[in-house]
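To start, the structure itself, in structure tokens.
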Amino acid sequence: MRETLAEIYARLAAHYGETHWWPGETPFEVSVGAVLTQNTAWSNVEKAIANLKAARLLSPRAMAGCANGDLEAAIRPSGYYRQKAIRLRGFCEHLLTHYGGSMARMARRPAGPLREELLALHGIGPETADDILLYACGVPVFVVDAYTRRILSRHGLVEEKIGYDGLQALFHDHVDRDLHVYKEYHGLIVWTGKDFCRTKARCEGCPLAPLLPADS
DNA sequence: GACCAGGCACATC
DNA sequence: GATGTGCATGGT
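Residue numbers (my numbering): 93 to 308.
What follows is the structure in structure tokens.
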């Protein structure tokens with residue numbers, strides 16, 4: 093498995109080069125994007141982020157303090173806007189209450205307790221928490237998403253129904269913990285998923301196609 | 001006009 | 001613990 097995961101990474105890196113994932117200018121913007129992209133295409137998230145910037149709402153204090161209607165209106169293009177407004181507000185209030193609104197201060201907490209703390213927030217599940225940990229706090233945790241599961245199961249490496257923790261453990265056990273590699277590996281999976289893995293027919297041209305099992 | 005997208009919480013069995 | 005459902009917009 094270690095060799096397989098290394099080969100997947102090498103092939104994707106050779107095809108795409110550096111992804112410099114995640115898009116976002118600040119740790120706070122990364123965290124907001126992580127909530128907004130839940131079950132949502134990134135193109136819709138970009139519109140929401142642009143709206144937040146234009147409305148000067150892209151800071152913990154502004155976001156927590158603004159009228160709820162203003163926040164909902166700004167993030168509307170990303171879908172689920174009522175739920176996500178509540179989730180963003182909860183995250184901002186937590187950040188303000190415990191860290192004076194500073195992502196850097198939050199990131200200084202030990203990784204294990206910090207992950208539990210994020211998971212305890214309403215609307216922050218495993219993927220969103222790990223997005224924030226990896227890309228906003230610099231913690232080397234592997235981010236699992238729908239693309240990760242789809243690609244690995246299509247290659248016969250895991251069961252399609254494998255859970256989040258099981259899939260994450262696979263990467264933690266077989267890929268050396270390196271912040272840059274973990275960031276890039278997930279970015280490469282996202283790009284591959286978007287480009288080649290949405291339907292079976294699109295496997296053609298995928299840098300991973302030569303690794304597919306014979307019967308697929 | 002159907003179908004899907006980088007989840008998550010909640011209800012029900 | 002497994003399974004089903006609501007949440008909402010924009011692209012294909």
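Note that beta-carbon positions come from the ideal geometry of N, C-alpha and C, so glycine has one too.
Its chain contains 195 as the residues whose beta carbon lies nearer than 6 Å to that of residue 120, once the 5 sequence neighbours on both sides are disregarded; these appear in chain order.
Runs of the alpha helix (DSSP H) lying entirely within the segment 174–260 and spanning at least 4 residues, in chain order: 195–199, 203–211, 218–223, 238–246. Distance between residue 117 and residue 294, taken at the CA atoms: about 32 Å.
Annotated as distal: residue 172 and residue 164, with beta-carbon spacing of 8 Å or more. No residue range can be given for residue 93, since it is assigned to no alpha helix (DSSP H) and is classified by DSSP as neither H nor E. Distance from the Cα of residue 153 is smallest, within the candidate group 291, 181, 132, for 181.
Short of 7 Å from the beta carbon of residue 108, and not among the five residues preceding or following it, lie these beta carbons of its own chain, in chain order: 280, 283. Just so you know, the alpha carbons of residue 122 and residue 115 end up roughly 7 Å apart. Straight through space, the alpha carbons of residue 113 and residue 216 are spaced by roughly 20 Å. Residue 272 is classed as exposed because its beta carbon has fewer than 16 other beta carbons within 10 Å across all chains shown. By the Cβ criterion, the segment 208–225 is in contact with the segment 123–130, since at least three pairs of Cβ atoms, one from each stretch, lie closer than 8 Å.
Residues of the same chain with a CB within less than 7 Å of the CB of residue 94, apart from the 5 flanking positions on each side, are 266 in chain order. Remark: C-beta atoms of residue 239 and residue 289 approach each other more closely than 8 Å.
Cβ-Cβ distances below 7 Å link residue 297 to 288 in the same chain, with the five nearest sequence neighbours on each side left out; the list follows chain order. Linking residue 98 to residue 135 through their CA atoms gives a straight-line distance of about 30 Å. By alpha-carbon distance to residue 187, the top candidate from 178, 144, 156 is 156. Residue 219 is positioned such that its CB atom lies closer than 8 Å to that of residue 236.
Residue 208 sits exposed, since fewer than 16 C-beta atoms from the chains shown fall within 10 Å of its C-beta.
Out of 101, 169, 146, 161, the CA that lies nearest to the CA of residue 132 is found in 169. A residue is called buried when at least 16 other Cβ atoms come within 10 angstroms of its Cβ; residue 179 meets this threshold and is buried. In this structure residue 145 is exposed. Its beta-carbon is surrounded by fewer than 16 other beta-carbon atoms within 10 angstroms. A distance below 7 Å between beta-carbons, with the five flanking residues on each side excluded, links residue 177 to the following residues of its chain, in chain order: 160, 163, 164, 167.
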